[in-house]
Amino acid sequence: KQEVTQIPAALSVPEGENLVLNCSFTDSAIYNLQWFRQDPGKGLTSLLLIQSSQREQTSGRLNASLDKSSGRSTLYIAASQPGDSATYLCAVRGPWGAQKLVFGQGTRLTINP
Amino acid sequence: DVKVTQSSRYLVKRTGEKVFLECVQDMDHENMFWYRQDPGLGLRLIYFSYDVKMKEKGDIPEGYSVSREKKERFSLILESASTNQTSMYLCASSLFPRGTGVASYEQYFGPGTRLTVT
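If you read the protein sequences in the order shown, they are chains A and B. Numbering follows my numbering, with no gaps: position 92 of the first sequence is 112. Numbering follows my numbering, with no gaps: position 68 of the second sequence is 57.
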């Protein structure tokens, strides 16, 4: 059974720092991995999707990498801003049901001004 | 932009009531999903649908049913609401895979419905 873990559960950093969020999964047979952002009490916003054949994807100050063989993905946020404060979730799809996402518990990020 | 809307942001119902949660997407997506999100348990899939009138159970379907009469609309039904169904409910949609080399597409989520059952 696929399990997705995000460590740490919470992270607090000063504004302007570059930071890395981690996501690990137990079964490397995935189709793709998706990173989301969730603001308190709100739905999920898709940030990046990496196909299993890709190593990384970039969008603005965000860069997501994928190492399928080791079961890891990272989300790199450059020059963090208070507006980046949110919970970040990763989720994977695979042969257990290609339309079914398995989510991690998320990392709650706080950027301090 | 993909838009997924949910009928209510906040809902309070009594135990035993029949509850309908509605979700509408405007991007002609084939797939639609219902999740619930609870502290410490994360997001869990309740049901999904890959076409009109088609549905499949997710990981926690007990106590729920769904209806998809039109492509753009996916309803979650709590037949007899119970307090353990108090939760945040999230709807999502995505395209069905086409061609080779792409197993699936991004899921787009609605704003969520915070349901409280008293």
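The beta-carbon is built from N, C-alpha and C at its ideal position, and this holds for glycine as well.
*Taking 8 Å as the CB-CB cut-off, is residue 11 of chain B touching chain A?*
no
*With distances taken from CA atoms, which of B:-6, B:14 and B:107 is nearest residue 59 of chain B?*
B:14
*So, using beta-carbon positions, are residue 66 of chain B and residue 9 of chain B closer together than 8 Å?*
yes
_Could you give the first and the last residue of the continuous beta strand (DSSP E) run that contains residue 87 of chain A?_
82 to 87
*What three-state label does DSSP hand residue 72 of chain B in the structure shown?*
helix
*Quick one: residues in its chain with C-beta nearer than 8 Å to the C-beta of residue 98 of chain B, no 5 flanking neighbours on either side, listed in chain order?*
-7, 79, 80 and 81
*Quick one: which chain B residues come within Cβ less than 7 Å of residue 63 of chain A?*
79, 98, 99, 100 and 101
*Nearest-angstrom beta carbon gap, residue 57 of chain A and residue 67 of chain A [assumed within contact, 8 Å]*: 6 Å
*asked:* Distance cutoff 8 Å, beta carbons only. Does residue 37 of chain B sit that close to anything in chain A?
replied: yes
*By the 10 Å Cβ neighbour count, where 16 or more other Cβ atoms means buried, how is residue 130 of chain A classified, buried or exposed?*
exposed
*Going by Cα to Cα distance, which pick from A:119, A:98 and A:112 is closest to residue 47 of chain A?*
A:112
_Chain-ordered neighbours of residue 123 of chain A on chain B, where CB pairs are closer than 7 Å_ = 31 and 32
*Could you tell me which chain B residues have their CB closer than 9 Å to the CB of residue 77 of chain A, listed as they occur along the chain?*
Chain B residues near residue 77 of chain A: none, gap ~11 Å exceeds 9 Å.
*Quick one: what's got a C-beta closer than 7 Å to residue 19 of chain B's C-beta in the same chain, skipping five residues either side?*
39, 40, 84 and 85
*asked:* Taking 8 Å as the threshold (C-beta atoms), are residue 52 of chain A and residue 72 of chain A in contact?
replied: yes
*Can you find a CB in chain B that lies within less than 8 Å of the CB of residue 105 of chain A?*
no
*Should residue 88 of chain A be labelled buried (16 or more other beta-carbon atoms within 10 Å of its own) or exposed?*
buried
*Run down chain A in chain order and give the residues with a C-beta less than 7 Å from the C-beta of residue 116 of chain B.*
This structure gives no information on residue 116 of chain B, because the portion of chain B shown stretches from -10 to 107.
_Opening and closing residue of the beta strand (DSSP E) in which residue 94 of chain A lies_ = 92 to 97
_Rounded C-alpha distance that separates residue 44 of chain A from residue 24 of chain B_ = 22 Å
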